[in-house]
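Data first, discussion second: the structure below is written as structure tokens.
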Amino acid sequence: MSITALVNQKGGVGKTTVTLGLAAAYAARGRRVLVVDLDPQANATTGLGVYEVNHAIDTALLSDASGSVNAVIQKAGWSHPEFPIPVDIAPSSPQLAKCEPQLATDMIGAQDRLAVALEGVAERYDDVLIDCAPSLGLLTVNALFAADRVLIVAEPAAWSSDGVDQILLNVRRIAERRAGRPEVAGIVINRLGRTRDAQHWFGVLNEAHPGLVLDPPVKLRAAVTEAAAMSEPVLALSRDGAAQAAAEFTALSLLLDPEATQPQAVTREAALSEAVLPEVALPAVAPSWDETAAVASTGEI
Numbered sequence: 001m002s003i004t005a006l007v008n009q010k011g012g013v014g015k016t017t018v019t020l021g022l023a024a025a026y027a028a029r030g031r032r033v034l035v036v037d038l039d040p041q042a043n044a045t046t047g048l049g050v051y052e053v054n055h056a057i058d059t060a061l062l063s064d065a066s067g068s069v070n071a072v073i074q075k076a077g078w079s080h081p082e083f084p085i086p087v088d089i090a091p092s093s094p095q096l097a098k099c100e101p102q103l104a105t106d107m108i109g110a111q112d113r114l115a116v117a118l119e120g121v122a123e124r125y126d127d128v129l130i131d132c133a134p135s136l137g138l139l140t141v142n143a144l145f146a147a148d149r150v151l152i153v154a155e156p157a158a159w160s161s162d163g164v165d166q167i168l169l170n171v172r173r174i175a176e177r178r179a180g181r182p183e184v185a186g187i188v189i190n191r192l193g194r195t196r197d198a199q200h201w202f203g204v205l206n207e208a209h210p211g212l213v214l215d216p217p218v219k220l221r222a223a224v225t226e227a228a229a230m231s232e233p234v235l236a237l238s239r240d241g242a243a244q245a246a247a248e249f250t251a252l253s254l255l256l257d258p259e260a261t262q263p264q265a266v267t268r269e270a271a272l273s274e275a276v277l278p279e280v281a282l283p284a285v286a287p288s289w290d291e292t293a294a295v296a297s298t299g300e301i
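Here you go:
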């Protein structure tokens, strides 16, 4: 069992996209998955097809009771015609935004409320994925204290490396106080397009954080956006690019957990064979804005 927090204080980088992509990839391999939506925007909740929430994650955090997450867990609304997708969700709601100031009044245990709430619950799952809010506030700190490892989600764009540096600093400070937990699992690059600008910043992130950027990246695909809009796993779609996107997430899941049970005999190499990975040819200098405007507006694949 592993607990992974997906983080970046910068909004719009696709943390939820990667969270749900990994959840589907793990579930397709027969693994039991719990997604904890720790973002008041609740995008992971609706992305999993859950629109009616009886009790949200803020209830569990405020109760300060061991295993309190159990009372809020719901089944995801995902489906697939060929195999079940065993994903559960500890849902979020806009009320979570009001929870953070209340947690701050706990002078002793404010930072480990989520860890306490997951006690005895996380063990029922093979993988727990925490989708964090775009901040380094108390909710994200709770995720870092609860997690075994951290997966940083970044996009190939200007200033992305600065945000990653700040996250790494905070993770290391916490790990120093917690016997090395959480460890940094790596940096996953999301929405990698074909533009020179995207390729340049992809190279910058690789150079700034050698050995941490995971291969494969998640490429910019319309299928991923459509799956999110439909509240379906990308592997359930039949449109162009869906199989390749699903294969990228499968390859990423195998990279993170290479020794995990693989009931469908999926290998990382087989998954990668379905996904045409980008050839990164870096320009000597960052492209100017005029050059960037001259390429396709999205670089979508």
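Quick note, the sequence shown lines up with residues 1 to 301 if you use the UniProt record's numbering.
Glycine residues also receive a C-beta, built at the ideal position from the N, C-alpha and C atoms.
None of the values given here were measured: they were computed from a predicted structure.
Count the other C-beta atoms from every protein chain shown that fall within 10 angstroms of the C-beta of residue i, then say buried if there are 16 or more, exposed otherwise.
i, result
"residue 178", "exposed"
"residue 104", "exposed"
"residue 51", "exposed"
"residue 240", "exposed"
"residue 144", "buried"
"residue 85", "buried"
Under three-state DSSP, which class holds residue i?
i, result
"residue 317", "It is not possible to answer for residue 317, since the shown part of the chain is limited to 1 through 301."
"residue 303", "Summary: the structure shown does not reach residue 303, with the chain confined to residues 1 through 301, and so no result is reported for it."
"residue 5", "strand"
"residue 102", "helix"
"residue 74", "strand"
"residue 138", "helix"
"residue 51", "coil"
"residue 126", "coil"
"residue 113", "helix"
"residue 18", "helix"
Can you pull the DSSP bridge partners for residue i?
i, result
"residue 37", "131"
"residue 90", "36"
"residue 151", "6 and 186"
Return the chain-ordered list of same chain residues with a C-beta closer than 7 Å to the C-beta of residue i, the five sequence neighbours on each side being excluded.
i, result
"residue 18", "6, 153, 188, 190 and 218"
"residue 133", "38, 39, 40, 139 and 140"
"residue 62", "99 and 102"
"residue 204", "161"
Among residues of its own chain, excluding the 5 on either side of residue i, which ones have a beta-carbon nearer than 6 Å to its beta-carbon?
i, result
"residue 90", "36, 57, 69, 72 and 73"
"residue 128", "3, 34 and 122"
"residue 120", "67"
"residue 54", "none"
Could you check whether the Cβ of residue i sits closer than 6 Å to any heavy atom belonging to the ligand SAM?
i, result
"residue 65", "The ligand SAM is not part of the structure shown, which contains no ligands of any sort."
Exercise for the section: Go through the region 164-226 residue by residue and report every complete run of the beta strand (DSSP E) that reaches 3 residues or more, in order. Expected result: As far as the region 164-226 is concerned, its whole beta strand (DSSP E) runs of at least 3 residues are 183-192.
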